[in-house]
Ligand code: ATR
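In this note's numbering, the protein residues as written are 504 to 782.
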């Protein structure tokens, strides 16, 4: 048995996070002693709480809503994705005591889509709904993974325009207005990166966005994904997936970063899926 390592997930609220279950299952694969806690920190307590955690010998933290942007300020250095997105979803204490901030949200999405669901992203024309933190991570990662064209639609158009301008590849990534959705054609891959489902709000989307071979994917999971998944099925999408696999893959990337061990995600995903059926 290894000595006890301490990790955790910081958010607000955090009570329903599945990360402790995920990391306990990974640690069990390697016989590693791991104390992984949910840590609820209100925004004004984030900096002090994170500092106290690492001062007490913590190894790493996952960072979730609403702290991803603010936590980037707490790192001594940022990885390339964290820099690009100005947001971190994990902090790691290095051996010299400094803190590294990284963001694997986009990489986790791409791994889930391409490895678990065998979606070949190269050459796809993709529609991304939402241009907040999750939407930005998704668009950059899909572009990197070889998507041919990405159309970004955001309820407030300024968000989509800012993202498209920041990317600066008008031949591959462009924005359209939400009210134009009925006229923008059909897509083989549609990603819901809005927080509408998490907020319990209904997304009004036309069926004709969906091709008969389309894959629809919601970055959230469980009840939060149900509205979009129901729409995808009703619209005739070939596949509709929620983001549970992305959560597990992101967790595995964090675990590998902290402990240098690559977990087998499949049994962990299967066990979580059994307890959290897809809508
Ligand atoms: P996250 O980190 O989950 O992306 P965020 O940065 O707050 O959270 O972004 C939320 C995204 O969901 C935004 O794109 C938001 O659209 P606006 O920028 O127009 O606010 C989108 N969103 C939230 N509720 C929505 C709704 N009911 N309909 C459409 N889009 C919605």
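Each residue gets a CB set at the ideal place from its N, CA and C atoms; glycine is no exception.
Keeping to the same chain, check which residues put their C-beta closer than 6 Å to that of residue i; ignore five residues upstream and five downstream.
i	result
residue 718	622, 692, 742
residue 734	708
residue 745	721, 724, 728, 781
residue 649	624, 625
residue 770	none
residue 582	605
residue 553	577
According to the neighbour-count rule (16 or more other Cβ atoms, all chains shown, within 10 Å of its Cβ), is residue i buried or exposed?
i	result
residue 766	buried
residue 549	buried
residue 740	buried
residue 533	exposed
residue 672	exposed
residue 588	buried
residue 555	exposed
residue 599	exposed
residue 557	buried
residue 520	buried
Throw me the rounded Cβ distance for the residue i and residue j pair, which I believe falls under 8 Å.
i	j	result
residue 609	residue 757	Not quite, the Cβ-Cβ distance comes to about 14 Å (not below 8 Å), so this is no contact.
residue 514	residue 567	4 Å
residue 592	residue 607	6 Å
residue 602	residue 579	5 Å
residue 712	residue 737	With 8 Å as the limit, residue 712 and residue 737 do not qualify as a contact, their Cβ atoms being about 12 Å apart.
Apart from the five residues just before and just after residue i, which ones in its own chain have a Cβ nearer than 7 Å to its Cβ?
i	result
residue 697	632, 633, 706
residue 611	749, 752, 753, 756
residue 779	724, 725, 747
residue 663	634, 655, 656, 657, 678
residue 783	The chain is shown only over 504 to 782; residue 783 falls outside these bounds and no answer can be derived.
DSSP three-state label for residue i, please.
i	result
residue 476	As displayed, the chain neither begins before 504 nor continues past 782, which places residue 476 out of reach and without an answer.
residue 532	helix
residue 543	strand
residue 548	helix
residue 665	helix
residue 580	strand
residue 670	helix
residue 588	helix
residue 517	coil
Verify the CB distance criterion: does residue i have a CB-CB separation below 7 Å to chain C?
i	result
residue 607	Of the chains in the structure shown, none is chain C; there is only one protein chain.
Can you list, in chain order, the residues of its chain with a C-beta nearer than 8 Å to that of residue i? Leave out the 5 residues immediately preceding and following it.
i	result
residue 700	706, 721, 723, 726, 727, 728, 729, 730, 731
residue 680	656, 660
Exercise. Which full runs of the beta strand (DSSP E) of 3+ residues lie inside the stretch 673-705, going along the chain?
Worked result: 676-680, 690-695
Exercise. Which full runs of the beta strand (DSSP E) of 3+ residues lie inside the stretch 604-653, going along the chain?
Worked result: If one requires a minimum length of 3 residues, the beta strand (DSSP E) runs lying completely within the stretch 604-653 are 628-632, in chain order.
Exercise. Which whole runs of the beta strand (DSSP E) in the stretch 699-779 are 3 residues long or more, in chain order?
Worked result: 713-721, 742-744
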